[in-house]
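Visitor: Residue numbers (this note's numbering): 856 to 1618.
Let me begin by handing over the structure; questions about it come next.
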Amino acid sequence: MDSSQKSGKFEAMLFALCQDGPKASIRKFVEEISRTGVRPMSDPRLAEVIKRFKSFRNKPNGALENLMLDFEQFRYAIGANLPLIAKIFRNDLVIPEFDSFCNSVTGLYEKLKSNFDGAPAAYIPQLARVPSDKWGISICTVDGQRFSIGDVHDKFTIQSTSFYSPKPLLAQRATVKELERGQSFHIVLGLCASRPAVAFSFKVSLCFSKPITYALTLSELGTDVVHKYQGREPSGRMFNEIVLDHNNQPHNPMVNSGAIMSSSILLYLLKPEMNMAQKYDYVFDFFKQMAGGEYLGFNNSIFLSERDSADRNSALGYFMRENMCYPPGEINIPNTLDFYFQLCSLEMTCESESVIAATLANGGVCPTTDKRMLAPDAVRNVLSLMLSCGLYNYSGDFAFKVGLPAKSGVSGTLVLVIPNVMGITFWSPPLDEMGNTVRGVQFCEEFVRLYNFHKVSGELSDGSCSLVDPTKNKYEVASQLIIHLLMAASAGDETALNSAFQQGVDMNLGDYDGRTALHLAAAEGHLRCVKFLLEECKVNSDAKDRWGQTPLTEAILFKHTKVASLIKRHERLLQLQANKNKGGSGKGSNAFTGKDDHHGGGVGEVLWRKLVERNLMKPEKERPIFKFNKSNLEDRAARRDEEELQRDQEALQALKSSLKDQLKQTKVRTTSVGFDTNLDSLKEEMERKKSVGEAMGEAMGLDGSVEEDNAAKLIQNKFRNLKLKKSPNNGEEDSSKKVTSSAGKEGGLTNEKPDLCPPKQGV
856 MDSSQKSGKF EAMLFALCQD GPKASIRKFV EEISRTGVRP MSDPRLAEVI
906 KRFKSFRNKP NGALENLMLD FEQFRYAIGA NLPLIAKIFR NDLVIPEFDS
956 FCNSVTGLYE KLKSNFDGAP AAYIPQLARV PSDKWGISIC TVDGQRFSIG
1006 DVHDKFTIQS TSFYSPKPLL AQRATVKELE RGQSFHIVLG LCASRPAVAF
1056 SFKVSLCFSK PITYALTLSE LGTDVVHKYQ GREPSGRMFN EIVLDHNNQP
1106 HNPMVNSGAI MSSSILLYLL KPEMNMAQKY DYVFDFFKQM AGGEYLGFNN
1156 SIFLSERDSA DRNSALGYFM RENMCYPPGE INIPNTLDFY FQLCSLEMTC
1206 ESESVIAATL ANGGVCPTTD KRMLAPDAVR NVLSLMLSCG LYNYSGDFAF
1256 KVGLPAKSGV SGTLVLVIPN VMGITFWSPP LDEMGNTVRG VQFCEEFVRL
1306 YNFHKVSGEL SDGSCSLVDP TKNKYEVASQ LIIHLLMAAS AGDETALNSA
1356 FQQGVDMNLG DYDGRTALHL AAAEGHLRCV KFLLEECKVN SDAKDRWGQT
1406 PLTEAILFKH TKVASLIKRH ERLLQLQANK NKGGSGKGSN AFTGKDDHHG
1456 GGVGEVLWRK LVERNLMKPE KERPIFKFNK SNLEDRAARR DEEELQRDQE
1506 ALQALKSSLK DQLKQTKVRT TSVGFDTNLD SLKEEMERKK SVGEAMGEAM
1556 GLDGSVEEDN AAKLIQNKFR NLKLKKSPNN GEEDSSKKVT SSAGKEGGLT
1606 NEKPDLCPPK QGV
């Protein structure tokens, strides 16, 4: 099938998904896209698609949501950007479960809403007047998924950009009024375009100017040129301190001296043919493209305020000129500072700043326009410095706790970059003692406790990490669990099975055919894995696949006798326990309750149960010798049906006959009450013919034959009890009927009580 046939098939499927009657509903199309976090009505990538939809309206101003298109019209419209639409509808976005992710973000937002620690920057009058309860978050992923949330009282609808006015505005009770002259914050309230959550966008002085200016110099001039004039180490000092590093350079571009140096590099080395006004327009246009064309403004009041109080920055500028830090040539310090203040006076909405953060997260490609803005090396370097120097003197603690690049500003903004995933912008005016937004920093710390975004923890995770990876689909996670579990069972990897069990994975998970880890381990003959699954994981040993096969039938089919025996013993033990729980403690509740002649009557029910639990799960070679005499047989007969009783009696009779034949051949002397046995001869004969041991094992109700090391002792016990009869008083032995054979004594046969649970026999 060629690409045109594939695209035609997808278009038909998409048309059927959006179909409402004979035609496709554009309302359904828009809703399906909005559910993924992409904003179809404002995303620049879908602008041509929306334009084609509008061309089919009967009325020029008709509602697009009510538009109905036939297949050819629908196919023509979505053809404007079919690859993106296919990616959206296949849920192949970086955050596939976007609704769930947004719910988690909302939960953290609400949790931190009540945190009123810190205070706005009091040394800036405009900032001091901003209410402390302002708190907003905006997210943009590398695939253009958007989410914004904020706490506001009044609102009106916004689209792709915020409402703009040359004067500061405030929406209050559905009216717009001017704030006092010189106010540096523009608040625009509204509803999030793609989600029914209340949101607002706010214009704040750009805290992102330093890293973006530095990134622009790196991208245009290269790392070698830029770092001739400034360093890349954390200073450990205040951001505006008059100090240089050991190379007589600013410590890094995130402090004021480094930002002034970046401005001078832009002004004098980048496109030197441009004058100062042209250079400002060039940088302004670059910032706007980084933001995907969303709001970017200039706050003249901030610029004038910065220039009027520029004593310390002026001192930094002249101090660096004195130490010959600037590029060669005539450096005009006032012009350099003015250009620096202009860049610091750029203002953005929280949403547009999140797009810039997402551009850095996307390796320098704007996620909403797919246009490359920065070289990959420049992005790497700027994110590295944001990680080490982005939060003033709190940078080290933030890198330790959060492990992600970030940049904060005194206006209460904080920009967080999660490489290859998303950019997040926070705004909350109250600051801590380090000058960082209190709520923003706390959100980041809580965020990495919930998701595995910490750079180090994410890369070192061995699968045992309990943090959520939101970049994975929930079905993908479930399928990976099943695949890893079944592959480990098939390969006999007990360590991997144990790791999965310790992580809380359901060990009964099966594939499409219903085959579980126990099915595969049994089919492959991995005895240790089967034992681990049965004894430690307590998996269902009777699980059936789609063909009705159980783990036991799989082991029998592929002739893994030891595995089959283990499963049989496990099922027998489960049945005994079930009978015990069902029948209570009365007679007949346990097949191993009965009197033992050699223990003077009364091996208790609890003792027998513990004996069974401890020994029946052992391999055959490690199983102890259970006594099996007439008294036991009679007690068992009382609790078994006729068929089982008859089988046991026949087995015992066959055992008697076989042993008599063996004794004749080895010249064993017998008496009326016992027998003398030549132990050495008998042992040699048992090594030659194991059929006797098999008969013994069958008569005892055990799988397989009795091992060689146990044969002599078992035969002694068998024949010692063969002539014993039960007395009328509850099965006690008749004291007159004892084994008196001197040959038996010479062979080591005594009437001492055998250990019910002897130590493990050697293999």
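Glycine is no exception: its CB is placed at the ideal position from the N, C-alpha and C atoms.
Quick check: Lys-1421 and Ala-1378, are their CB atoms within less than 9 Å of each other?
Guide: In the sequence shown, residue 1421 corresponds to position 566, counting from 1. In the sequence shown, residue 1378 corresponds to position 523, counting from 1. The amino acid at residue 1421 is misidentified as Lys; the sequence shows Leu. Taking 9 Å as the Cβ cut-off, Leu-1421 and Ala-1378 do not qualify as a contacting pair.
Visitor: Name the two residues that bound the continuous alpha helix (DSSP H) containing Met-1131.
Guide: In the sequence shown, counting from the first residue as 1, residue 1131 sits at position 276. Residues 1131-1145.
Visitor: Is Val-1110 closer than 9 Å to Glu-1128 when the C-beta atoms are compared?
Guide: In the sequence shown, residue 1128 corresponds to position 273, counting from 1. In the sequence shown, residue 1110 corresponds to position 255, counting from 1. Against a cut-off of 9 Å, the Cβ pair of Val-1110 and Glu-1128 comes out as no contact.
Visitor: Over the uninterrupted beta strand (DSSP E) stretch that includes Cys-873, give me the two end residues.
Guide: In the sequence shown, the residue the question calls residue 873 occupies position 18. No beta strand (DSSP E) contains Cys-873, which DSSP labels as neither H nor E.
Visitor: Give a yes or no on whether the C-beta atoms belonging to Gln-1085 and Ser-1117 are separated by under 9 Å.
Guide: By one-based count along the sequence shown, residue 1085 stands at place 230. By one-based count along the sequence shown, residue 1117 stands at place 262. In this structure, Ser-1117 lies closer than 9 Å to Gln-1085 by Cβ.
Visitor: According to DSSP, Val-1220 sits in a beta bridge with which residue or residues?
Guide: Walking along the sequence shown from the start, residue 1220 turns up at place 365. Looking at the DSSP assignment, Val-1220 forms a beta bridge with Arg-1227.
Visitor: Which term fits Arg-1092, buried or exposed, when burial requires 16 or more other beta carbons within 10 angstroms of its beta carbon?
Guide: Within the sequence shown, residue 1092 is the residue found at index 237, counting from 1. By the 10 Å Cβ count, Arg-1092 comes out exposed.
Visitor: Kindly give me the distance between the Cβ atoms of Met-1289 and Asn-1248, rounded to whole angstroms, as I take these residues to be in contact under 8 Å.
Guide: Numbered from its first residue, the sequence shown carries residue 1289 at position 434. Numbered from its first residue, the sequence shown carries residue 1248 at position 393. Sure, about 5 Å apart at Cβ, within 8 Å.
Visitor: Taking the beta strand (DSSP E) that Gly-1172 falls in, what are its first and last residues?
Guide: In the sequence shown, counting from the first residue as 1, residue 1172 sits at position 317. It is not in any beta strand (DSSP E) - Gly-1172 instead sits in the alpha helix (DSSP H) that spans 1166-1177.
Visitor: Tell me where the beta strand (DSSP E) around Met-1270 begins and ends.
Guide: Residue numbering aside, residue 1270 sits at position 415 when the sequence shown is read from its first letter. Correcting the residue type first, residue 1270 is Val in the shown sequence and not Met. Element bounds for Val-1270: 1268-1273.
Visitor: Which of helix, strand or coil does DSSP assign to Ala-977?
Guide: In the sequence shown, residue 977 corresponds to position 122, counting from 1. In this structure, Ala-977 counts as coil in the three-state DSSP scheme.
Visitor: Quick check on DSSP: helix, strand or coil for Leu-1286?
Guide: Numbered from its first residue, the sequence shown carries residue 1286 at position 431. Strand at Leu-1286.
Visitor: As an exercise, report each continuous alpha helix (DSSP H) stretch of at least 4 residues that is fully enclosed by the region 924-982, in chain order.
Guide: The qualifying runs are 926-933, 937-944, 953-967.
Visitor: According to the Cβ coordinates, are Leu-1246 and Lys-1262 closer than 9 Å?
Guide: Here residue 1246 corresponds to residue number 391 of the sequence shown, with the count starting at 1. Here residue 1262 corresponds to residue number 407 of the sequence shown, with the count starting at 1. The answer is yes: Cβ separation under 9 Å.
Visitor: Just verifying my parser: in three-state terms, what is the DSSP assignment at Tyr-1247?
Guide: Looking up residue 1247 in the sequence shown gives position 392. The answer is helix: DSSP assigns Tyr-1247 an H, G or I state.
Visitor: Helix, strand or coil, according to DSSP, for Ala-1343 in the structure here?
Guide: Walking along the sequence shown from the start, residue 1343 turns up at place 488. Note: Ala-1343 maps to helix in three-state DSSP.
Visitor: Going residue by residue through the region 982-1006, where are the continuous beta strand (DSSP E) segments of at least 3 residues, counting only ones entirely within it?
Guide: Runs found: 991-996, 1001-1005.
Visitor: Can you tell which of Gly-1365, Val-1303, Asp-988 has its C-alpha closest to the C-alpha of Asn-970?
Guide: What you label residue 970 is simply residue 115 of the sequence shown in a count that begins at 1. That would be Asp-988, whose Cα lies nearest to the Cα of Asn-970.
Visitor: With C-beta atoms as the reference, is Cys-1244 less than 9 Å away from Ser-1090?
Guide: For the purposes of this step, residue 1244 is identified with residue 389 of the sequence shown, where counting begins at 1. For the purposes of this step, residue 1090 is identified with residue 235 of the sequence shown, where counting begins at 1. Their beta carbons are under 9 Å apart, which means Cys-1244 touches Ser-1090 by this criterion.
Visitor: Grouping DSSP H, G and I as helix and E and B as strand, with all else coil, what is Leu-1242?
Guide: Counted from its first residue, the sequence shown places residue 1242 at position 387. In this structure, Leu-1242 counts as helix in the three-state DSSP scheme.
Visitor: For Lys-966, which of Ala-1343, Val-1360, Cys-1299, Ala-1398 has the nearest alpha-carbon?
Guide: Working through the sequence shown from its first residue, we reach residue 966 at position 111. Of the listed residues, the one whose Cα sits closest to Lys-966 is Cys-1299.
Visitor: Going by alpha carbons, who is nearest to Val-1394 out of Cys-1384, Trp-1402, Gly-1403?
Guide: As a working mapping, residue 1394 is identified with position 539 in the sequence shown. If we check each option's Cα against that of Val-1394, Cys-1384 comes out closest.
Visitor: Say the cut is 8 Å; is the CB of Ala-1216 nearer than that to a heavy atom of the ligand NAD?
Guide: Within the structure as shown, the ligand NAD is missing, as the structure has no ligands at all.
Visitor: In angstroms, rounded to a whole number, what distance separates the CA positions of Ile-943 and Glu-1208?
Guide: Here residue 943 refers to the residue found at position 88 when the sequence shown is read from its first residue. Here residue 1208 refers to the residue found at position 353 when the sequence shown is read from its first residue. So the two alpha carbons sit approximately 24 Å from each other.
Visitor: To the nearest angstrom, how far is the alpha carbon of Asp-1366 from that of Phe-1281?
Guide: Taking the first residue of the sequence shown as position 1, residue 1366 is located at position 511. Taking the first residue of the sequence shown as position 1, residue 1281 is located at position 426. The alpha-carbon atoms of Asp-1366 and Phe-1281 are separated by roughly 44 Å.
Visitor: I'd like to check one pair, Ile-1004 with Val-960: are the Cβ atoms closer than 9 Å?
Guide: Position 105 of the sequence shown, counted from the start, is the residue given in the question as residue 960. Position 149 of the sequence shown, counted from the start, is the residue given in the question as residue 1004. It is a contact, given that the beta carbons lie within the stated cut-off.
Visitor: Helix, strand or coil: which one does DSSP assign to Met-896?
Guide: Indexing the sequence shown from 1 puts residue 896 at position 41. In the structure shown, Met-896 sits in coil (DSSP, three-state: anything other than H, G, I, E or B).
Visitor: Look up Ser-880 in the DSSP assignment and give the residues it is bridged to.
Guide: For this step, residue 880 is matched to residue 25 along the sequence shown. In the DSSP output, where bridge partners are listed per residue, Ser-880 has Met-923.
Visitor: Which one of Ser-1074, Gly-892, Arg-984, Phe-1094 has the shortest CA to CA distance from Val-997?
Guide: Residue mapping note: residue 997 aligns to position 142 of the sequence shown, counting from 1. Looking at the Cα atoms, Gly-892 is the closest of the given residues.
Visitor: Count the other C-beta atoms from every protein chain shown that fall within 10 angstroms of the C-beta of Asp-1193, then say buried if there are 16 or more, exposed otherwise.
Guide: Within the sequence shown, residue 1193 is the residue found at index 338, counting from 1. So Asp-1193 ends up on the buried side.
Visitor: Around the Cβ of Asp-898, are there at least 16 other Cβ atoms within 10 angstroms (buried) or fewer (exposed)?
Guide: Sequence index remark: in the sequence shown, residue 898 carries index 43 (1-based). Asp-898 should be labelled buried.
Visitor: For Leu-922, which of Ile-888, Leu-963, Lys-878 has the nearest alpha-carbon?
Guide: Counting from one through the sequence shown, the residue named residue 922 turns up at place 67. Leu-922 has its Cα closest to that of Lys-878, out of Ile-888, Leu-963, Lys-878.
Visitor: From which residue to which residue does the alpha helix (DSSP H) around Thr-1204 run?
Guide: The residue labelled residue 1204 in the question sits at position 349 within the sequence shown. No alpha helix (DSSP H) contains Thr-1204, which is instead part of the beta strand (DSSP E) from 1201-1204.
Visitor: Please report the distance separating the alpha-carbon of Arg-1227 from that of Pro-986.
Guide: Within the sequence shown, the letter at position 372 stands for residue 1227. Within the sequence shown, the letter at position 131 stands for residue 986. Cα to Cα, Arg-1227 sits roughly 38 Å from Pro-986.
Visitor: State the DSSP-derived secondary structure class of Ile-905, mapped to helix, strand or coil.
Guide: Translated into the one-based positions of the sequence shown, residue 905 becomes position 50. Correct three-state label for Ile-905: helix.
Visitor: Looking only at C-alpha atoms, which of Ala-1410, Leu-1336, Arg-1294 sits nearest to Leu-963?
Guide: Taking the sequence shown and counting its residues from 1, one reaches residue 963 at position 108. Cα-wise, what sits closest to Leu-963 is Arg-1294.
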